[in-house]
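**Q**
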Amino acid sequence: MPLKEIKPAKRTENITYAVRDIVVVANEVARTGKQMLYLNIGDPNLFDWEPPKHLIEETYKAMKKNYNGYAPSSGIKQAIEAIEKEAEKKGIKNVQDIFVTTGASEAIDICLTALVNEGENVLTPTPGYPLYTAIQSKLQTMENPYYLDENNGWQPNIDDIKNKINEKTRAIILINPNNPTGANSSPGTLKQIIELALEHNLVIFSDEIYDKLLMDGKKHTSIASLNSDVPVITFGGLSKNYMVPGFRIGWGIVSGDKTILKNYIEAINKLLRARLSANHPEQYAIAPALLGDQSHLEIAMKKLTSRRNLTVEMMNAVPGISCVEPEGAFYAFPSLHNVNNDAHWATELIKEKGVVIVPGSGFGQVPGTNHFRIVFLPPEEILEKAYKAIAEFHERYVEKFVNAEIR
Ligand code: PLP
107 MPLKEIKPAK RTENITYAVR DIVVVANEVA RTGKQMLYLN IGDPNLFDWE PPKHLIEETY
167 KAMKKNYNGY APSSGIKQAI EAIEKEAEKK GIKNVQDIFV TTGASEAIDI CLTALVNEGE
227 NVLTPTPGYP LYTAIQSKLQ TMENPYYLDE NNGWQPNIDD IKNKINEKTR AIILINPNNP
287 TGANSSPGTL KQIIELALEH NLVIFSDEIY DKLLMDGKKH TSIASLNSDV PVITFGGLSK
347 NYMVPGFRIG WGIVSGDKTI LKNYIEAINK LLRARLSANH PEQYAIAPAL LGDQSHLEIA
407 MKKLTSRRNL TVEMMNAVPG ISCVEPEGAF YAFPSLHNVN NDAHWATELI KEKGVVIVPG
467 SGFGQVPGTN HFRIVFLPPE EILEKAYKAI AEFHERYVEK FVNAEIR
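Numbering-wise (my numbering), the sequence shown opens with residue 107 and increments by one.
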């Protein structure tokens, strides 16, 4: 009997992850020997960034003490206590549960899985981090994107959210500060989202993985700090603020009215138990990270601010490109005014200049708009070189593909 093709499950059909997908094109170009400039991955360790040393020492100590077995499903006690203190510092009221996960990614996956049924929907920020749409494809929920308003510093568009809520809407995702825009949500916007969540019985998923990476002295507001009844799961982790994405350590903090959350929390815990535990030795870095020396953040924010300034200045100097100033994280999301296919633009840029960015379509966009995401973690000399290349490329691209079409 001839062997039959192994067919993948339908639920994987719509899963894309643009941040890594673009690397396939980049690798092909790199093989030709072209010099590449990578501005596509939000991993500080690839550039001139180092995590605080005490995190590594504590993890190493834990390994040497042979804490190499499974951990409790919700995480080790000292880590949970440290996250509880962190929640208190963030002003989060009425905490009902805390759990440690394999990166915030796993917390996001588990919390969505425990909540949403096939055919229901979750309001998802657009543009936004593509993991959320990937998980929802897997769960076969309906897509319900809500738009962030570029003309209002990329704040969530409250009218759009109102219009998109329907009887099957179960939750709203907020990414604050946002990937890919770098926007920090204002307390006013957050209060309006709370009102809508209370009115329509929605759970709020607040992804605050970049909450300590704010520039210009801007303050971060945790949405869960503004109301003690509304059900919120606040996601955090060590990947960005503490620069150890490879540790794969994240967490979820559930807050809000205990009586309405009880069964949902139990469902989350069933899934946590089923996957045994998050990485064990690395959990010993959580308390030292959250409660220990934070001086790396000051150094990081100085460096990030000057890289952000260079990015915004050089991108806004290119005719046909404009860039809203990011307030946090390490991403910028410039708009391409005359381009009608940002994926094509990005592929041509890689081929011609070796500059790797992620096309905006990978994050979702307001229809008819085109963008690209820059990671401004690399040193200034690399950024400068890349931005000069983008400027030269863009002028030629518009002449070759846009003006030629018009003529
Ligand atoms: N949430 C956002 C908004 C992100 O940008 C990322 C990574 O880039 C993650 C979550 C993933 O976090 P972790 O490394 O903790 O899984």
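Each residue gets a CB set at the ideal place from its N, CA and C atoms; glycine is no exception.
1. What alpha helix (DSSP H) runs, 4 residues minimum, are completely inside the stretch 120 to 192?
2. Can the beta-carbon of residue 306 be found closer than 8 Å to that of residue 317?
3. Sorted by chain position, which residues of the same chain lie with C-beta nearer than 6 Å to residue 472's C-beta, five sequence neighbours on each side aside?
4. Less than 7 Å between the CB of residue 285 and some heavy atom of ligand 1, yes or no?
5. What number of angstroms, rounded off, separates the C-alpha of residue 158 from the C-alpha of residue 446?
6. Strictly by DSSP, which residues pair up with residue 357?
7. Output the residues surrounding ligand 1, defined as those with a CB atom closer than 6 Å to any ligand heavy atom, in chain order.
8. Is it right to say residue 515 is buried, meaning 16 or more other beta carbons lie within 10 angstroms of its own, or is it exposed?
9. Any heavy atom of ligand 3 within a distance shorter than 7 Å of the CB on residue 162?
10. Ends of the alpha helix (DSSP H) at residue 405?
11. Nearest to residue 335 by alpha carbon, out of 315, 308 and 449?
12. Please confirm whether residue 91 and residue 198 have their CB atoms less than 8 Å apart.
13. Would you mind sorting residue 400 into buried or exposed? The rule is 16 or more other CB atoms within 10 Å of its CB.
14. Taking just the CA atoms, how far does residue 125 sit from residue 516?
15. Tell me, to the nearest whole angstrom, how far the beta carbon of residue 386 is from that of residue 166; I am working on the premise that it is less than 8 Å.
16. Compute the Euclidean distance between the alpha carbons of residue 148 and residue 345, then round it to the nearest angstrom.
17. Determine, using beta carbons only, whether residue 357 and residue 482 come nearer to each other than 8 Å.
18. DSSP beta-bridge partners for residue 79?
19. Would DSSP call residue 256 helix, strand or coil?
20. To the nearest whole angstrom, what separates the beta carbons of residue 275 and residue 432, a pair I think is in contact under 8 Å?
**A** So, from the listed chains and residues:
1. 124 to 137 and 159 to 170
2. As a first step, residue 306 must be located in the sequence shown, where it is residue number 200. As a first step, residue 317 must be located in the sequence shown, where it is residue number 211. No, the pair does not count as a contact, with Cβ atoms beyond the cut-off.
3. Start at 1 with the first residue of the sequence shown, and residue 472 comes out as number 366. Excluding positions up to five away in sequence, the list reads 253.
4. Numbered from 1 along the sequence shown, position 179 holds the residue referred to as residue 285. Yes, the beta carbon of residue 285 sits closer than 7 Å to at least one heavy atom of ligand 1.
5. Counted from its first residue, the sequence shown places residue 158 at position 52. Counted from its first residue, the sequence shown places residue 446 at position 340. Roughly 43 Å separates the two Cα atoms.
6. Locating residue 357 in the sequence shown gives position 251, where the first residue counts as 1. Answer by DSSP bridge pairing, in chain order: 206 and 342.
7. In chain order, the hits are 148, 209, 210, 211, 235, 281, 285, 313, 315, 343, 345, 351 and 356.
8. This structure does not reach residue 515, given that the chain is present from 107 up to 513, and the question cannot be answered.
9. The model on display carries ligand 1 but not ligand 3.
10. As a working mapping, residue 405 is identified with position 299 in the sequence shown. Element bounds for residue 405: 401 to 422.
11. Mapped onto the sequence shown, residue 335 falls at position 229. Of the listed residues, the one whose Cα sits closest to residue 335 is 308.
12. Because the chain spans 107 through 513 in this model, residue 91 falls outside it and cannot be assessed.
13. Start at 1 with the first residue of the sequence shown, and residue 400 comes out as number 294. Under this definition residue 400 is an exposed residue.
14. Look at the range of the chain in this structure, 107 to 513, and you will see that residue 516 is not part of it.
15. Counting from 1 along the sequence shown, the entry for residue 386 is found at position 280. Counting from 1 along the sequence shown, the entry for residue 166 is found at position 60. Contact doesn't hold; Cβ gap of about 13 Å is too wide.
16. Position 42 of the sequence shown, counted from the start, is the residue given in the question as residue 148. Position 239 of the sequence shown, counted from the start, is the residue given in the question as residue 345. Their backbone Cα atoms lie some 10 Å apart in a straight line.
17. Taking the first residue of the sequence shown as 1, we reach residue 357 at position 251. Taking the first residue of the sequence shown as 1, we reach residue 482 at position 376. In this structure, residue 482 does not lie closer than 8 Å to residue 357 by Cβ.
18. Residue coverage of the chain in this structure runs from 107 to 513, which leaves residue 79 outside it and unanswerable.
19. To locate residue 256, count along the sequence shown from 1; it is residue 150. Here residue 256 sits in helix by DSSP.
20. Reading the sequence shown from its first residue, position 169 is the one you call residue 275. Reading the sequence shown from its first residue, position 326 is the one you call residue 432. No, residue 275 and residue 432 are not in contact; Cβ-Cβ is about 29 Å, not under 8 Å.
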